[in-house]
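Student:
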Amino acid sequence: MLDFPSGLRTGHNSASASFGFTIGASGVTAMNLVMGTKIIPLKIPANEKFVVDAVAGTVKATFTTAKSTAAVVYGQDPANKSIYHVLSETTTITAPTTTTAHGTEGYSFITTGSVVTGLQEVTTHKTTTTTQTLHVSPNAVFTGAVGSTITETSVHGNSIVTTTFVQPVANGLYVEQTHNITLIQAGTATTLLDIEPLDHLKLTLSGNSVTQIQALSRSGVATTITPHSGVAFQEVTAGDPRFVEETYTNGTHTTYKLFLQSSADGTYTEIAHGTGTSIDLVGINAQLSHIPAANLALI
Numbered sequence: 370m371l372d373f374p375s376g377l378r379t380g381h382n383s384a385s386a387s388f389g390f391t392i393g394a395s396g397v398t399a400m401n402l403v404m405g406t407k408i409i410p411l412k413i414p415a416n417e418k419f420v421v422d423a424v425a426g427t428v429k430a431t432f433t434t435a436k437s438t439a440a441v442v443y444g445q446d447p448a449n450k451s452i453y454h455v456l457s458e459t460t461t462i463t464a465p466t467t468t469t470a471h472g473t474e475g476y477s478f479i480t481t482g483s484v485v486t487g488l489q490e491v492t493t494h495k496t497t498t499t500t501q502t503l504h505v506s507p508n509a510v511f512t513g514a515v516g517s518t519i520t521e522t523s524v525h526g527n528s529i530v531t532t533t534f535v536q537p538v539a540n541g542l543y544v545e546q547t548h549n550i551t552l553i554q555a556g557t558a559t560t561l562l563d564i565e566p567l568d569h570l571k572l573t574l575s576g577n578s579v580t581q582i583q584a585l586s587r588s589g590v591a592t593t594i595t596p597h598s599g600v601a602f603q604e605v606t607a608g609d610p611r612f613v614e615e616t617y618t619n620g621t622h623t624t625y626k627l628f629l630q631s632s633a634d635g636t637y638t639e640i641a642h643g644t645g646t647s648i649d650l651v652g653i654n655a656q657l658s659h660i661p662a663a664n665l666a667l668i
């Protein structure tokens, strides 16, 4: 298991956690986890180093071991300069290898023509080799060609996840070299981006209403479903099918899910949820603008 900087070893979701730093003339001298009014001191290992950029309002923590380097970039909260949020996390393997204690382990890529469309995990234990096709996110995009570095980018929650794969030996299996998570900041938005790639629907609309709902499996099989009592679907803005809101009312309590129409195939993916019925389209569009175009088209 890889080691990570102190901010990632708290047992809390780094996407929502806040951190405080004591910054002196020599740099960072202390670090805390901030949970509301509660402040929890974090131990800083000897091999964790910090770089403070006062102009950009960021702190970069780097944690180095013999096998890897993990780097976390923290950014100041726009409203409270004394606390920071995680902007990105990157792990880089020092010497990628397919060799294990009992054989080899790595990846091979599935292609259509020269385009990478998926990947398989290939494991050899002594003399036995097994190959397993891995599920990839419906919004995953692969760049690069077999024989060179290949990058997979996908989006989940409010995170853009980018993984680069390399071949330690020419024409051999691939392994991960870097893994990066970039968190899309909410800013002033009241509707928070939270993409659920597998909550995937095919909707038929008539006017501002949804007349048919079909759930889509990972393989694309559509199953028509009948909503429960209290569930309603409609366009957020009448005449604009890009955003459709599902609301569920139980007594006096109402919750919503927000779905975005894919520009690639017309299906819908859940991108936000919460209580009430109000949708901040300006805020959600601002967050979506940070997603690479190729991935956004598949959501």
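To convert, note that position 86 of the sequence shown is 455 in the numbering used here; the numbers rise steadily by one, no gaps. Where a beta carbon is used, it is the ideal one built from N, C-alpha and C, also for glycine.
1. Around the Cβ of K429, are there at least 16 other Cβ atoms within 10 angstroms (buried) or fewer (exposed)?
2. Looking only at DSSP bridge pairs, what is K495 linked to?
3. In angstroms with no decimal places, state the Cα-to-Cα distance between S477 and Q489.
4. Quick one: measure Cβ to Cβ for I392 and V421, integer angstroms, because I've assumed they're closer than 8 Å.
5. Here's the rule I'm using: 16 or more other beta-carbon atoms within 10 Å means buried, otherwise exposed. How should L503 be labelled?
6. Does DSSP classify A662 as helix, strand or coil?
7. Out of A509, E417, G472, which one is the CA nearest neighbour of V491?
8. Could you check which residue in G426, T427, V441 has the C-alpha nearest to that of T433?
9. Kindly indicate which three-state DSSP category V424 falls into: helix, strand or coil?
10. Return the first residue and the last residue of the alpha helix (DSSP H) that A655 is part of.
11. By the 10 Å Cβ neighbour count, where 16 or more other Cβ atoms means buried, how is T460 classified, buried or exposed?
12. Quick one: using the 10 Å Cβ neighbour count with 16 as the cut-off for buried, is E615 buried or exposed?
13. Give the DSSP bridge partners of G526, in chain order.
14. Could you give the distance in angstroms between the alpha-carbon of E458 and the alpha-carbon of F628?
15. Starting from the C-beta of P566, find all residues in its chain whose C-beta is less than 8 Å away, skip the five residues before and the five after it, and write them out in chain order.
16. Need the endpoints of the beta strand (DSSP E) that A514 sits in, please.
17. Name, in chain order, the residues that DSSP records as bridge partners for Q445.
18. Determine the contact status of F511 and Y443, defining contact as a CB-CB distance below 9 Å.
19. Cutting at 6 Å between CB atoms, please list the residues of its own chain near T486, excluding the five before and the five after it.
20. Could you tell me whether the region 639-656 touches the region 551-566, using the rule of 3 or more Cβ pairs below 8 Å?
Tutor: On the basis of the coordinates in this document:
1. buried
2. Its beta-bridge partners do not exist; DSSP assigns none.
3. 5 Å
4. 6 Å
5. exposed
6. helix
7. Of all alpha-carbon atoms in A509, E417, G472, the one lying nearest the alpha-carbon of V491 is that of G472.
8. V441
9. coil
10. 650-657
11. buried
12. buried
13. I564
14. 28 Å
15. S506, P507, N508, S523, V524, H525, T638, I668
16. Here A514 belongs to no beta strand (DSSP E), and DSSP marks it neither H nor E.
17. Y453
18. no
19. Taking T486 as the centre and dropping the five residues before and after it, the same chain places the C-beta of I479 closer than 6 Å to its C-beta, in chain order.
20. yes
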